[in-house]
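This note's numbering puts the first residue of the sequence shown at 20, with every later residue one more than the last. For each residue, glycine too, the CB sits at the ideal point set by N, CA and C. A quick note: this is a predicted structure, and the numbers were derived from the prediction, not measured. Here is the structure we will look at.
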Amino acid sequence: MTQNTVQEAVPAAEDEAALGDGSGEGPGDGRRAPRKHRVLRWSAMVLAVLIVGTAGAGYVYYRHLNANIEQQELNLGDEKIPEPTPNAAGQTPLNILLIGSDARDSKENQELGGARETFGSTPLADVQMLVHLSADRSNMSVVSMPRDTLVRIPKCTDPDDGTVYPASNGRVMTNQSLGHGGPGCTVATWQELTGIHIDHFLMVDFAGVVSMADAVGGVPVCVDANIHSRDGQGHGSGLKLEKGTHPVKGEQALQWLRTRYGFEDGSDLARAKAQHMYMNSMVRELRENATLSNPNKLRRLAEKATEALTVDPGLNSVKKLYDLSTELRKVEPEHITMTTMPNRYVGARVEPTEDAEQLFRLVREDIALDGGDTEKKAPSTQEDRSPDDPAAEDAEIPVLVQNGTRTDTLGAAPDRAGTVAELLVDEGFTRAVADQGASLSEKTTVVRYPSADLEGDAAAVAEALGLGPGAVRRSTDVSGVTLVVGADWREGTAYKAPEENNEVPETAEALNGADDEACMKVNPAFTW
Numbered sequence: 020m021t022q023n024t025v026q027e028a029v030p031a032a033e034d035e036a037a038l039g040d041g042s043g044e045g046p047g048d049g050r051r052a053p054r055k056h057r058v059l060r061w062s063a064m065v066l067a068v069l070i071v072g073t074a075g076a077g078y079v080y081y082r083h084l085n086a087n088i089e090q091q092e093l094n095l096g097d098e099k100i101p102e103p104t105p106n107a108a109g110q111t112p113l114n115i116l117l118i119g120s121d122a123r124d125s126k127e128n129q130e131l132g133g134a135r136e137t138f139g140s141t142p143l144a145d146v147q148m149l150v151h152l153s154a155d156r157s158n159m160s161v162v163s164m165p166r167d168t169l170v171r172i173p174k175c176t177d178p179d180d181g182t183v184y185p186a187s188n189g190r191v192m193t194n195q196s197l198g199h200g201g202p203g204c205t206v207a208t209w210q211e212l213t214g215i216h217i218d219h220f221l222m223v224d225f226a227g228v229v230s231m232a233d234a235v236g237g238v239p240v241c242v243d244a245n246i247h248s249r250d251g252q253g254h255g256s257g258l259k260l261e262k263g264t265h266p267v268k269g270e271q272a273l274q275w276l277r278t279r280y281g282f283e284d285g286s287d288l289a290r291a292k293a294q295h296m297y298m299n300s301m302v303r304e305l306r307e308n309a310t311l312s313n314p315n316k317l318r319r320l321a322e323k324a325t326e327a328l329t330v331d332p333g334l335n336s337v338k339k340l341y342d343l344s345t346e347l348r349k350v351e352p353e354h355i356t357m358t359t360m361p362n363r364y365v366g367a368r369v370e371p372t373e374d375a376e377q378l379f380r381l382v383r384e385d386i387a388l389d390g391g392d393t394e395k396k397a398p399s400t401q402e403d404r405s406p407d408d409p410a411a412e413d414a415e416i417p418v419l420v421q422n423g424t425r426t427d428t429l430g431a432a433p434d435r436a437g438t439v440a441e442l443l444v445d446e447g448f449t450r451a452v453a454d455q456g457a458s459l460s461e462k463t464t465v466v467r468y469p470s471a472d473l474e475g476d477a478a479a480v481a482e483a484l485g486l487g488p489g490a491v492r493r494s495t496d497v498s499g500v501t502l503v504v505g506a507d508w509r510e511g512t513a514y515k516a517p518e519e520n521n522e523v524p525e526t527a528e529a530l531n532g533a534d535d536e537a538c539m540k541v542n543p544a545f546t547w
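Okay, here's the thing in structure tokens:
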């Protein structure tokens, strides 16, 4: 194979595509009709990266494959997140959002996923994983967001027909974002929630998952007891395994990735954990055993993979996908960390917690989740991260100050909003006013702003109070520059920043890519 051919080779694993949840097991799936066979869609891109890492196995290039790849706009929202500042070596991180669609708009997807009543209906983004590749390419972090997470979806405009989808009225399930114009709205939703600039997205359906699992020769997975994922009403993936470690492939691999009934508490969170274990195991298998040596098999996989893939314009060719995979495969398994967004239940749904913001901050600041970046710090001054939007004169900036000092164990500190509002007035922000009716709970003091044209104003407020740039956050929850005095500033007029904690929250349930002893806990109600 010539060097040119290798550079344009197909990352065949994209055929593994995003699997969907065929069991209809979720506590809510975003539409009323039951879905008995939703298959879990997940990271074809991650698998592609790993397979390309076995380049010695050989790859087949067909020019017409480029025409198979569908492309859509990267971001359909009105607001854009600035790209991160390059490090001293001029390198920048790379963030890719993996989206698994539950669309069943082909015969093959129908056969795998069932649920004929949903054929042609609005697809849902049932799997969402952010892959963060560090600026120096030494480590990779993956953050999964449960499909039932409650978020505010921003206003999005469909690039095909110009339909404008207004911002959601209150919080709705994050998987509905895909139906607001396409994957670019899912990207916009993630960016507004996390403040993380997203460079690319890859969206995949579940066509070809069985053949892909066969091609890699099976992926070892572990359960701590016999499991049969099927209840008395017939719900469940049908996965049946004996206690211990077993290689799964074909239909059985698909069942593993779909399974919710039978794993731990039966939640979507347990299913995400099982997916992480599978992906890590796949990484190790592909690095240790290059089994994809059959050109005909690779050609078939590449055909199905490119047909199942939708990307942004920055990844709209096999060559671009290969170049991306070249970057990603530089990371060894021990430096890959899988996490789930920390969350708490709100009825049958979940919402991000304070720990989620901690995890998002680590990603924003390019701090390795494997503990390898203990000396990395966020920019220490506002000048290190100046906003593109210039600030207005201090006296012209309206600022609403709210008391967010209430905690789980302490009531709100009295009149903190009034005290800090007066402090701002003394600093020249004469339009600062206290919201005496608000009693919020905010772990750290934060300045929120709703749109890019107010970013500079928010940064000026933060600088005047001695807050770091990390305290300035865009949010659709506010209508203007809003300062929330947090539990870290319950007294005094001088803000003292808390000592920064760069540890991954335990609630993120981090799983290292080199951990080959991870084992899923089986719910006793589903054992045999």
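Classification of G214 by the beta-carbon crowding that lies within 10 angstroms, buried from 16 upward: buried
Whole-number beta carbon distance between P361 and T526, since they are thought to touch under 8 Å: 4 Å
Residues that DSSP places opposite T338 in a beta bridge: Note on identity: in this sequence residue 338 is Lys, with Thr being the wrong assignment. DSSP lists no partner for K338.
Whole-angstrom distance between M164 and L116, CA atom to CA atom: 11 Å
For C241, the three-state DSSP class (helix, strand or coil): strand
Reference L197, options E211, N188 and D177, closest by Cα: D177
Nearest-angstrom beta carbon gap, Q90 and T329 [assumed within contact, 8 Å]: 7 Å
With 16 other Cβ atoms within 10 Å as the buried cut-off, status of A86: exposed
Own chain residues within Cβ distance below 7 Å of Y297, not counting five before or after: V238, V240, W275 and L276
Cβ-Cβ distance between A481 and V491 below 7 Å: yes
Residue from S248, M222 and N299 with nearest C-alpha to D550: In the structure as shown, the chain starts at 20 and stops at 547, and residue 550 therefore has no counterpart that could be examined.
Counterpart residues of G119 in DSSP-defined beta bridges: V146 and V223
Straight-line Cα distance separating P433 from S153: 43 Å
Ranges of the alpha helix (DSSP H) found wholly within the stretch 170-220, counting only runs of at least 4: 202-213
As assigned by DSSP and simplified to three states, the class of N362: strand
Own chain partners of N335 with C-beta closer than 8 Å, once the 5 adjacent residues on each side are dropped: N85, I88 and Q90
Backbone secondary structure at T426 - three-state DSSP: coil
Beta-carbon proximity of V162 to T358, cut-off 7 Å: yes
E510 (DSSP reduced to helix, strand or coil): coil
Nearest candidate by alpha-carbon position, reference A431, set W508, A440, E102 and E518: W508
Beta-carbon proximity check, L429 vs T512, cutoff 7 Å: no
Coil, strand or helix - Y468 by DSSP: strand
Candidates S460, L288, T356 and A483: closest to A451 by CA position: A483
Burial state of V183 (16 or more Cβ within 10 Å): exposed
Run of the beta strand (DSSP E) containing D454, from where it starts to where it stops: A451 to S458
DSSP three-state assignment for S163, whether helix, strand or coil: strand
Three-state secondary structure (DSSP) of K292: helix
Sheet register partners of K515 (DSSP bridge): K515 is not bridged to any residue.
For T111 and T104, the rounded distance between their alpha carbons: 7 Å
Helix, strand or coil at E89 according to DSSP, with G and I counted as helix: strand
Where the beta strand (DSSP E) containing T278 begins and where it ends: Premise fails: T278 is in no beta strand (DSSP E) and is neither H nor E.
R368, DSSP secondary structure in three states: strand
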